[in-house]
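Only one structure is covered here, and it is reproduced in the block below.
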Amino acid sequence: MELETLTLTTSEGVAHVQLTRGEQLNTMTPQFWEDMISAFEAIEKDGSVRAVVLSSTGRHFTAGLDLNSATLSQGEDQDEARRAYSFTRHLKRLQQAFNVIESCRVPVIAAVHGACIGGGVDMVCACDIRLASDNAYFTIQEINIGIVADVGTIQRIPYLLPEGIVRELTYTGRKFPAEEARSFGFVNRVTGTHEETVDAAFAMAQEIASKSPVAVMGCKTLLNRGRGMTVEQGLDYVGVWNAAFIHGDDMKEAVSAQMQKRPPKFADIS
70 MELETLTLTT
80 SEGVAHVQLT
90 RGEQLNTMTP
100 QFWEDMISAF
110 EAIEKDGSVR
120 AVVLSSTGRH
130 FTAGLDLNSA
140 TLSQGEDQDE
150 ARRAYSFTRH
160 LKRLQQAFNV
170 IESCRVPVIA
180 AVHGACIGGG
190 VDMVCACDIR
200 LASDNAYFTI
210 QEINIGIVAD
220 VGTIQRIPYL
230 LPEGIVRELT
240 YTGRKFPAEE
250 ARSFGFVNRV
260 TGTHEETVDA
270 AFAMAQEIAS
280 KSPVAVMGCK
290 TLLNRGRGMT
300 VEQGLDYVGV
310 WNAAFIHGDD
320 MKEAVSAQMQ
330 KRPPKFADIS
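All letters in the sequence shown, in the order written, are residues 70 to 339 by our numbering.
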């Protein structure tokens with residue numbers, strides 16, 4: 070697969086998506102959005118993948134949108150209604166680059182170091198778990214350039230932080246350092262250097278990869294869907310889910326492995 074702004078590798082059930090424009094602070098060019106969609110579409114098709122680590126190179130995780138190549142106006146030769154439609158269609162494509170992270174059937178762990186700015190916050194909010202180096206910080210940058218964050222932060226971060234903190238960060242655009250982020254549960258842990266953070270992300274991904282891929286997929290689906298459901302609706306949904314999936318081989322294998330004191334071996338999802 071030809072990817073210009075990131076790489077995708079897979080080993081022992083863990084896929085690694087790594088941003089590779091470190092010298093350019095991993096800013097998000099037009100090609101970046103297409104590369105993200107392509108990478109996660111490939112992950113979705115690969116039944117051997119059971120977890121994903123998302124990391125980057127260089128001094129910073131990402132400085133967000135590449136302003137030099139940003140296209141804020143679409144369809145300039147059209148009337149206002151058609152220009153608005155063109156912009157909306159363009160924006161939907163950008164949103165899809167992070168929707169594929171959230172909808173990915175396997176958990177995605179972000180390993181963040183240095184600055185995670187603007188679109189970077191949108192991106193990591195779509196991940197299941199965030200780990201951070203001790204020099205990491207997050208900034209909802211959009212307010213500082215006079216726009217509203219529009220590729221996922223405002224929709225997802227209220228599920229990850231208290232409302233007052235969400236509003237403060239959104240309105241002020243201030244830095245949100247790693248330790249403060251950890252204290253509010255936005256990151257699961259702060260783990261020293263960039264390399265240590267990536268190592269910790271892989272260790273967690275490998276632990277997840279050792280579990281039943283059917284059960285992990287079910288847990289992620291239920292957690293995502295449950296945000297829009299009442300408790301009663303969620304209970305009904307998990308009942309239907311388990312009625313469909315619980316009779317497979319994974320539960321038998323998990324129980325047998327525990328009784329025989331051996332690691333379980335689960336088939337890939339085809």
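All residues carry an ideal CB built from backbone N, CA and C; glycine is no exception.
84 is the residue among 219, 292, 105 and 84 whose C-alpha sits nearest the C-alpha of residue 271. Spatial neighbours of residue 99 in its own chain (CB-CB distance under 7 Å, excluding positions within 5 residues in sequence) are listed in chain order as 138. Boundaries of the beta strand (DSSP E) around residue 199: 198-201. Of the candidates 130, 184 and 74, 74 places its Cα closest to the Cα of residue 106. Assignment of residue 97 by DSSP, reduced to helix, strand and coil, places it in the strand class. Around the beta carbon of residue 191, a 10 Å sphere encloses 16 or more other beta carbons of the protein chains shown; the residue is thus reported as buried. Taking 8 Å as the cut-off, the Cβ atoms of residue 168 and residue 129 do not count as close.
Counting along the chain, residue 209 sits inside no beta strand (DSSP E), nor does DSSP assign it H or E at all. A straight line joining the alpha-carbon of residue 291 with that of residue 306 spans about 8 Å. Between the C-alpha atoms of residue 126 and residue 157 there is a straight-line separation of about 31 Å.
Between residue 259 and residue 247, the CB-CB gap stays under 8 Å. Note: residue 299 is not bridge-paired with any residue in the DSSP secondary-structure output. Counting only the Cα atoms, residue 116 lies some 12 Å from residue 278. Counted as a single uninterrupted DSSP element, the alpha helix (DSSP H) harbouring residue 277 occupies residues 263-278.
The residue from 226, 223, 109 and 227 with its alpha-carbon nearest to that of residue 170 is 109. Note on residue 339: under 16 other CB atoms within 10 angstroms of its CB, so exposed under the neighbour-count rule. Around the Cβ of residue 151, a 10 Å sphere holds fewer than 16 other Cβ atoms; the residue is exposed. Per DSSP, the unbroken beta strand (DSSP E) holding residue 185 starts and ends at 184-186.
Taking 8 Å as the upper bound for CB-CB distance, residue 220 and residue 188 are in contact here, some 6 Å apart. Here DSSP, grouped into helix, strand and coil, assigns residue 333 to coil. Below 8 Å, enough C-beta pairs join the segment 313-333 and the segment 280-289 to call them touching: three or more. Here the segment 117-124 makes contact with the segment 178-185; the two share three or more CB pairs at distances below 8 Å. Between residue 212 and residue 242, the C-beta spacing is below 8 Å. For residue 87, the enclosing beta strand (DSSP E) covers residues 83-88. Restricting attention to 208, 225, 249 and 118, the CA atom closest to the CA of residue 238 is found in 208.
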